[in-house]
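Asker: Okay, handing you the structure first.
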Amino acid sequence: MCYNTTNTIFGVIRFKEDIVMKHVKTLNEANLAKSVENGGCGECQTSCQSACKTSCTVANQKCERKGKRGR
Amino acid sequence: MVHKFDTLGVKCALDVCSGTVHILDDISYRMLDFFGEEGNFDLEAAKKENCADEKHMEAVAELKELKEKNQLFTKDIYKALVAHKEKKSVIKALCLHIAHDCNLRCRYCFAHGGEYMGKREIMSAEVGKKAIDFVIKESGARKNIEIDYFGGEPLMNFEVVKEITEYAKTEGEKHGKNFRFTITTNGLLLDDKKIEYINENMGNIVLSIDGRKEVHDKVRVRVDGSGSYDSVVNKFIKVAESRNQENYYVRGTFTRDNLDFSEDVMHLAELGFEQISVEPVVAQETEDYALKKEDLPRIFEEYDRLAERILEARKNGKWFNFFHYMIDLHESPCAYKMLSGCGAGHEYAAVTPSGDIYPCHQFVNDPKYKMGDVFEGVVDPEIRDVFVKSNIYTKEPCGDCWARFYCSGGCAANAISMNKDINKPYLLACEMEKKRVECAIAIKAREALDEE
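Listed below in structure tokens is the structure:
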């Protein structure tokens, strides 16, 4: 089977189609949808316990199952 | 939904519902304008704007390819998770108000000198132990439990902190719970013995310092009005070094009086701190130090400036972390977490010195939000419901906001305090949060491009 690789910075994304990315570089392979399958354990830190206490920033919290959640 | 932005000289497209970030060249950045919400390309519109030659169409093909691969224009499929979250939510984190008293009188303090509009009092070991029993019972199957010793100033009641900690460790072992402790302090009463105990027992310590001496001393004053910078800065350096520059934060607040807050962050970095958080003050607009809508352009400029200074420092071998620019683009918190945020009132609660339970530290002593007490050990289901049922789909502006998964709908306390409605976020904070997320992503993009 013929694969082309995208001009990806982290890791390699292989596409079956004959497209070579010249205008776009993909920074990550995040897939929030995948986290639905193995997420929701509730063991992670409550965001206000880290440093803030007056704002709400969740994206900078660590996943307790980092590396185990799969993609 | 796709959000494109040009920050720190990098053009990015964020696919909101997958979290994928793409770095675009000028042509692909322009061509995104001809894609609709669903990702359909409008060729006629592109032709009208003279954007349909070979190069343009090459970029369009790439963007379409990314859509095919679920990396662009993905759909929001998470609403169904809300019910799961509501059902499974249990209290697993407590903010223990060890002392409603403080040896500082910071001008911006939401606790009003540590008293929270109530009386000066300290928590007894008995109340603290009841709180531990309460969270062990409430947390159900959750293994990890967090306790934050807060105030007022918790070091004014440190013997009780130690007694509660030892009790929690013993009880945790009995019940299969892993307690994680944090303490937040202004540093005045820190000494070697306390540092040693904290380092041995607590996974995190938050050290309150606002940055430059003149900025800090203008706001963080003693009862007699004198500044506290000189009394705490060396102790904080000692704490940071004794913890190997990990598992702590120096945490400051910026106000309208120091909109050049990147200077404060850099001051802290120059002192050698590697874990830094400096946050916008939350205050009613009637206060002279409160941030106002007209300050936003200046604040955005300063966030850009800070991001550039962080990149430059890191290039020169001086690494430090800024709390609000931390972002894990590869393995973010899961969708469940990103729907509902901090968990105030259903995963997280505050306990006062007398044992009363509130949804979080910012609601303390507001009688409408008293949820129960640790002696009865039950929480008011009606109040809990207000919080557990609030999420990015119930908050009015969040449905259309590209940043909704990063802030998870914002701070419930701020929404209620500013707009009297948990589902009406404090929009000034929203604007700042969006800017910080753009900067955080742009930093990652710049670092990745530099590595190429």
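First to last, the sequence lines map onto chains A and B. Under the numbering used here, the first residue of the first sequence carries the number 1, and numbering increases by one thereafter. Under the numbering used here, the first residue of the second sequence carries the number 1001, and numbering increases by one thereafter. Think of the CB as a built atom: it goes at the ideal place given N, C-alpha and C, for glycine as much as any other residue.
#1: So, under 8 Å CB-CB, residue 1194 (chain B) and residue 1158 (chain B) are touching, yes? Tell me the CB distance rounded to an integer number of Å.
#2: In chain A, what lies closer than 8 Å to residue 1243 (chain B) by C-beta?
#3: Determine whether the Cβ of residue 1306 (chain B) lies closer than 8 Å to any Cβ atom of chain A.
#4: Within the region 1217-1268 of chain B, note down every full beta strand (DSSP E) run reaching 3 residues or more, in order along the chain.
#5: Can you check the region 1334-1363 of chain B for any beta strand (DSSP E) of at least 3 residues that lies completely inside it and give the ranges in chain order?
#6: What is the residue span of the alpha helix (DSSP H) that residue 1212 (chain B) lies within?
#7: On the DSSP bridge list, what partners appear for residue 1124 (chain B)?
#8: Checking contacts by CB at 8 Å: is residue 1438 (chain B) closer than that to chain A?
#9: So, helix, strand or coil for residue 1203 (chain B), using DSSP?
#10: For residue 1391 (chain B), collect the residues of the same chain with a Cβ closer than 7 Å to its Cβ; drop the 5 residues on either side in sequence, then sort them by chain order.
#11: Using DSSP with H/G/I as helix, E/B as strand and the rest coil, what is residue 4 (chain A)?
#12: Spell out a yes or no on whether the region 1241-1249 of chain B and the region 1285-1305 of chain B are touching, meaning 3 or more CB-CB pairs, one atom from each, closer than 8 Å.
#13: Since residue 1344 (chain B) and residue 1334 (chain B) are thought to touch, with beta carbons under 8 Å apart, how far apart are those beta carbons, to the nearest angstrom?
#14: Let me know the secondary structure DSSP gives residue 1033 (chain B) once reduced to three states.
#15: Contact between the region 1038-1055 of chain B and the region 1308-1320 of chain B is defined here as three or more beta-carbon pairs at a separation below 8 Å; is this criterion met?
#16: Assuming contact is defined by CB atoms lying nearer than 8 Å, are residue 1422 (chain B) and residue 1386 (chain B) in contact in what I supplied?
#17: What's the gap between the Cα of residue 1055 (chain B) and the Cα of residue 1036 (chain B)?
#18: Run down chain A in chain order and give the residues with a C-beta less than 9 Å from the C-beta of residue 1063 (chain B).
#19: Do three or more CB pairs link the region 1213-1228 of chain B to the region 1167-1174 of chain B at distances below 8 Å?
#20: With 16 as the cutoff for other CB atoms within 10 Å, does residue 1376 (chain B) come out buried or exposed?
#21: If you draw a straight line from the alpha carbon of residue 1097 (chain B) to that of residue 1321 (chain B), how long is it in whole angstroms?
#22: Is it true that the CB of residue 1426 (chain B) sits closer than 8 Å to the CB of residue 1255 (chain B)?
#23: Less than 8 Å between the beta carbons of residue 1404 (chain B) and residue 1008 (chain B), yes or no?
#24: May I have a chain-ordered list of the alpha helix (DSSP H) segments no shorter than 4 residues that lie completely inside the region 1005-1069 of chain B?
#25: Is the CB-CB distance between residue 1327 (chain B) and residue 1440 (chain B) below 8 Å?
#26: Quick check on the DSSP output: the alpha helix (DSSP H) that includes residue 1290 (chain B) runs from which residue to which?
#27: Residue 1330 (chain B) touches chain A at which residues, Cβ-Cβ below 8 Å?
#28: Return no unless some Cβ of chain A is closer than 8 Å to the Cβ of residue 1186 (chain B).
#29: Which of helix, strand or coil does DSSP assign to residue 1434 (chain B)?
#30: Run through DSSP, which three-state label would residue 1447 (chain B) get?
#31: Select from the region 1135-1148 of chain B all residues with a C-beta closer than 7 Å to any C-beta belonging to chain A, and list them in chain order.
#32: Less than 8 Å separating the beta-carbons of residue 1251 (chain B) and residue 1277 (chain B)?
#33: So, is residue 1399 (chain B) buried or exposed, given that buried needs 16 or more other C-beta atoms within 10 angstroms?
#34: Does the Cβ of residue 1264 (chain B) have 16 or more other Cβ atoms within 10 Å, making it buried, or fewer, making it exposed?
Answerer: With the given structure in hand:
#1: Taking the second sequence and counting its residues from 1, one reaches residue 1194 (chain B) at position 194. Taking the second sequence and counting its residues from 1, one reaches residue 1158 (chain B) at position 158. Going by Cβ atoms, the distance from residue 1194 (chain B) to residue 1158 (chain B) rounds to 6 Å, so yes, they are a contact pair.
#2: Here residue 1243 (chain B) is taken as the residue at index 243 of the second sequence, counted from 1. What residue 1243 (chain B) touches in chain A: nothing, since even the nearest Cβ is about 14 Å away.
#3: For the purposes of this step, residue 1306 (chain B) is taken as the residue at position 306 of the second sequence. No, its Cβ sits nowhere closer than 8 Å to a Cβ of chain A.
#4: 1249-1254
#5: For secondary structure counted as the beta strand (DSSP E) over 3 or more consecutive residues, the region 1334-1363 of chain B holds these complete runs in sequence order: 1348-1351, 1356-1358.
#6: Counted from its first residue, the second sequence places residue 1212 (chain B) at position 212. Counting along the chain, residue 1212 (chain B) falls outside any alpha helix (DSSP H), and DSSP gives it neither H nor E.
#7: Looking up residue 1124 (chain B) in the second sequence gives position 124. Partner(s): none; residue 1124 (chain B) has no beta bridge.
#8: For the purposes of this step, residue 1438 (chain B) is taken as the residue at position 438 of the second sequence. Taking Cβ atoms only, chain A never reaches closer than 8 Å to residue 1438 (chain B), which makes this a no.
#9: The residue you call residue 1203 (chain B) lines up with position 203 of the second sequence. The answer is coil: DSSP assigns residue 1203 (chain B) none of H, G, I, E or B.
#10: The count along the second sequence starts at 1 and reaches residue 1391 (chain B) at position 391. Result list for residue 1391 (chain B): 1082, 1339, 1340, 1409, in chain order.
#11: Here residue 4 (chain A) is taken as the residue at index 4 of the first sequence, counted from 1. Since pLDDT at residue 4 (chain A) reaches only 48, below the 50 mark, its modelled position is unreliable, and the value read off the structure follows with that caveat. Strand.
#12: no
#13: What you label residue 1344 (chain B) is simply residue 344 of the second sequence in a count that begins at 1. What you label residue 1334 (chain B) is simply residue 334 of the second sequence in a count that begins at 1. At roughly 19 Å, the Cβ-Cβ gap does not stay under 8 Å, so residue 1344 (chain B) and residue 1334 (chain B) are not in contact.
#14: Here residue 1033 (chain B) refers to the residue found at position 33 when the second sequence is read from its first residue. Here residue 1033 (chain B) sits in helix by DSSP.
#15: no
#16: For this step, residue 1422 (chain B) is matched to residue 422 along the second sequence. For this step, residue 1386 (chain B) is matched to residue 386 along the second sequence. It is a contact, given that the beta carbons lie within the stated cut-off.
#17: For the purposes of this step, residue 1055 (chain B) is identified with residue 55 of the second sequence, where counting begins at 1. For the purposes of this step, residue 1036 (chain B) is identified with residue 36 of the second sequence, where counting begins at 1. In this structure, the straight-line span from the alpha carbon of residue 1055 (chain B) to that of residue 1036 (chain B) is close to 20 Å.
#18: As a first step, residue 1063 (chain B) is located in the second sequence; it is residue number 63 there, counting from the start. In chain order: 23, 24.
#19: no
#20: Sequence index remark: in the second sequence, residue 1376 (chain B) carries index 376 (1-based). Its Cβ having fewer than 16 others within 10 Å, residue 1376 (chain B) is exposed.
#21: The count along the second sequence starts at 1 and reaches residue 1097 (chain B) at position 97. The count along the second sequence starts at 1 and reaches residue 1321 (chain B) at position 321. Their Cα atoms are separated by approximately 28 Å.
#22: For the purposes of this step, residue 1255 (chain B) is taken as the residue at position 255 of the second sequence. For the purposes of this step, residue 1426 (chain B) is taken as the residue at position 426 of the second sequence. Contact: no.
#23: Taking the first residue of the second sequence as 1, we reach residue 1404 (chain B) at position 404. Taking the first residue of the second sequence as 1, we reach residue 1008 (chain B) at position 8. Not closer than 8 Å, so no.
#24: 1026-1031, 1043-1048, 1054-1068
#25: Locating residue 1327 (chain B) in the second sequence gives position 327, where the first residue counts as 1. Locating residue 1440 (chain B) in the second sequence gives position 440, where the first residue counts as 1. Taking 8 Å as the Cβ cut-off, residue 1327 (chain B) and residue 1440 (chain B) qualify as a contacting pair.
#26: The residue you call residue 1290 (chain B) lines up with position 290 of the second sequence. It is not in any alpha helix (DSSP H) - residue 1290 (chain B) carries neither H nor E in the DSSP assignment.
#27: Translated into positions along the second sequence, residue 1330 (chain B) becomes position 330. Chain A residues near residue 1330 (chain B): 10, 28, 29, 30.
#28: Here residue 1186 (chain B) refers to the residue found at position 186 of the second sequence. So no, residue 1186 (chain B) is outside the interface.
#29: Here residue 1434 (chain B) refers to the residue found at position 434 when the second sequence is read from its first residue. Of the three classes helix, strand and coil, the one that applies to residue 1434 (chain B) here is helix, per DSSP.
#30: Stepping through the second sequence from its first residue, residue 1447 (chain B) is reached at position 447. Helix, per DSSP.
#31: 1142, 1143, 1144, 1146, 1148
#32: Within the second sequence, numbered from 1, the residue matching residue 1251 (chain B) stands at position 251. Within the second sequence, numbered from 1, the residue matching residue 1277 (chain B) stands at position 277. Cβ distance < 8 Å, so residue 1251 (chain B) and residue 1277 (chain B) count as in contact.
#33: Within the second sequence, numbered from 1, the residue matching residue 1399 (chain B) stands at position 399. With fewer than 16 other Cβ atoms within 10 Å, it is exposed.
#34: Counting from one through the second sequence, the residue named residue 1264 (chain B) turns up at place 264. Taking all protein chains shown into account, residue 1264 (chain B) has 16 or more neighbouring C-beta atoms within 10 Å of its C-beta and is therefore buried.
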